[in-house]
Amino acid sequence: MIFFVLVTATPVRAADLPDPVSFSVAIERGDLKQAREWLDTGLPADFEGRMIGTGLMIGAWEGNIPMMELFLSRGADINKVNAFGEQALLHAAWKGRLEAVRWLVDHGARLNREGREWAALHYATFAGHGGIVDYLLERGADVNALSTNGSTPLMMAAREGQEGIAKVLLKAGARRDIVNERGDDAMRWAMRYNHLQIAREIAGNETFAEAATQPRAFWGRPVRSQAVPDRADLLLAQARKMEAAGRRNDALKLYRAALAAIRQADAGAQNKSAPVRAATGMVISAQRGKPGAQTAALNYATPAAGIDSTKVPEGTHRAGAGDTAAGAAAAQADIADDWLRRAREFEAAGRRKEALQAYRQAAAALRAPVSAPTPTPRPASPPLPSYSPIHP
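In the numbering used here, the protein residues as written are 213 to 604.
What follows is the structure in structure tokens.
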């Protein structure tokens with residue numbers, strides 16, 4: 213006798229699944245039990261949280277191999293691309309998670325990408341993780357991979373002053389003659405950012421000696437890059453936890469502290485190199501009896517990088533025009549200021565939910581790398597647009 217058992221699938225209720233914030237908070241803190249429960253309930257393995265992406269991507273960012281194993285075992289795509297063109301391998305490379313990088317490559321993460329795309333080698337070089345650079349090259353990463361704007365890992369090393377990595381890349385066959393879509397090559401970037409020893413390594417003694425006779429202005433104005441400090445990452449993660457728990461006042465305080473940490477790191481980076489856009493103060497305006505009318509904005513002594521300084525009045529700030537790295541960096545800084553102004557307006561009006569959204573947007577803009585292809589949208593009048601994260 214044969215018995216047939218009819219099994220019907222229980223529909224997944226929306227209430228059983230997390231929102232992007234709750235999901236990100238749980239995965240960032242390494243809550244395997246919660247992640248497993250969500251997946252058992254029917255959560256798609258490639259569900260994307262806020263800021264970073266899928267559970268596997270967040271696991272890569274945190275260097276959490278058991279978390280990555282869980283999501284991969286449930287069908288997650290190890291090579292999935294998030295909204296900003298990034299994959300799990302890039303996140304692990306950026307954060308210096310060597311063991312996570314090894315695990316990802318061993319489980320099918322592609323070292324090289326089709327067409328012009330940012331690769332793990334770009335990210336590891338930019339962040340100065342020499343051990344990961346060595347490993348990626350050993351496993352077959354393309355030393356001359358081109359990013360979306362045609363830049364190579366060697367250009368990243370030249371820009372960020374990674375002398376040891378630059379030597380490794382050159383030894384591995386990095387080409388010196390590649391020019392990106394902005395007309396820059398690796399030697400020009402090294403000269404622009406005053407990394408003279410790297411410029412010498414790239415150009416050779418004779419060419420470097422000739423280049424060194426040119427005034428600094430000849431090479432163009434540097435635009436600083438600054439990775440988000442660990443303290444800011446921690447504060448942002450804690451802020452998201454507080455928000456998910458409904459503790460909005462605590463979340464607001466943590467978002468402010470994270471923004472202050474990022475600003476402090478920026479100031480430190482500027483003190484070590486040529487100043488780019490020094491803030492002279494914050495201008496605050498308010499009307500008695502009208503808390504919602506309060507505004508706040510940063511004021512700069514110099515115009516945004518990439519702008520003709522003769523055409524911008526001193527004391528103003530403005531995003532650069534054109535598709536240039538300098539213009540993109542300036543645009544991101546101005547967007548962050550706009551979101552900060554909006555956040556303060558909402559907070560003054562007692563609209564804490566909207567203030568939290570605006571602080572998140574400001575943090576995303578400040579965390580965005582200079583070369584980020586998609587800037588955070590500028591704030592509009594309430595209601596606020598949906599959140600658009602950008603990588604750190």
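The beta carbon of each residue, even a glycine, is placed where N, CA and C say it ideally should be.
Item: Going by the beta-carbon positions, is the gap between ARG309 and GLY275 smaller than 9 Å?; Value: yes
Item: Restricting to runs no shorter than 4 residues, where is the alpha helix (DSSP H) found entirely within the stretch 391-449?; Value: 398-404, 408-415 and 417-423
Item: Which residues does DSSP pair with THR266 in a beta bridge?; Value: GLU260
Item: Would you kindly check if the distance between the Cβ of PRO434 and the Cβ of TYR405 is under 9 Å?; Value: yes
Item: Grab me the residues of GLY320's own chain with a C-beta within less than 8 Å of its C-beta, minus the 5 sequence neighbours each way, in chain order.; Value: ILE290 and ASN291
Item: Of the residues SER236, PHE430 and ALA384, which one's Cα is nearest the Cα of ALA402?; Value: PHE430
Item: Using the three-state DSSP reduction, which class does ALA247 fall into: helix, strand or coil?; Value: helix
Item: Helix, strand or coil, according to DSSP, for HIS334 in the structure here?; Value: helix
Item: Might you give, ordered along the chain, the residues of its own chain that have their beta carbon closer than 8 Å to the beta carbon of ARG286, omitting 5 neighbours on each side?; Value: LEU251 and ALA257
Item: Could I get the ranges of all uninterrupted beta strand (DSSP E) runs contained in the stretch 277-304, with 3 residues as the minimum, in chain order?; Value: none
Item: Within a Cβ cutoff of 6 Å, which residues of the same chain sit near GLU260, ignoring the five residues on either side of it in sequence?; Value: THR266
Item: Would you give the residue range spanned by the alpha helix (DSSP H) that PRO232 belongs to?; Value: 232-240
Item: Along the chain, where does the alpha helix (DSSP H) that runs through GLY327 open and close?; Value: Taken as a continuous stretch (DSSP letters only), GLY327 belongs to no alpha helix (DSSP H), as it is neither H nor E.
Item: Alpha carbon to alpha carbon, how far is LEU552 from MET494? Give it in angstroms, no decimals.; Value: Residue placement at MET494 cannot be trusted, given a pLDDT of 39 that sits under 50; what the coordinates show is reported in the next sentence. Going from the Cα of MET494 to the Cα of LEU552 covers about 11 Å.
Item: Closer than 6 Å by C-beta to GLN246: which residues in its own chain qualify, once you throw out the five before and the five after it? Chain order, please.; Value: ALA238
Item: At the level of alpha carbons, what is the spacing between ALA457 and LEU333?; Value: 38 Å
Item: Would a C-beta distance cut-off of 9 Å place VAL345 and ILE377 closer than the cut-off?; Value: yes
Item: What distance in whole Å lies between the Cβ atoms of ASN361 and ASN324, which are believed to be in contact at a cut-off of 8 Å?; Value: Wrong, their Cβ atoms sit about 17 Å apart, outside the cutoff.
Item: Can SER415 and ALA575 be called in contact, C-beta distance under 9 Å?; Value: The sequence shown places Ala at residue 415, rather than the Ser named in the question. Cβ distance not < 9 Å, so ALA415 and ALA575 don't count as in contact.
Item: Per DSSP, what kind of secondary structure is VAL355 in: helix, strand or coil?; Value: coil
Item: CB ALA411 to CB ALA370, shorter than 9 Å?; Value: yes
Item: Should VAL380 and GLY352 be called a contact, given that it needs their Cβ atoms to be closer than 9 Å?; Value: no
Item: Are there 16 or more other CB atoms within 10 angstroms of the CB of GLY395, so buried, or fewer, so exposed?; Value: exposed
Item: Please confirm whether TRP315 and TRP273 have their CB atoms less than 9 Å apart.; Value: no
Item: How about ARG262 and ARG554: are their beta carbons less than 9 Å apart?; Value: no
Item: Should PRO278 go down as buried or exposed, given a rule of 16 or more other Cβ atoms within 10 Å for buried?; Value: exposed
Item: In angstroms with no decimal places, state the Cα-to-Cα distance between ALA339 and THR364.; Value: 14 Å
Item: Would you identify the three-state DSSP class for ARG322, choosing helix, strand or coil?; Value: coil
Item: Is ALA456 helix, strand or coil when you go by DSSP?; Value: helix
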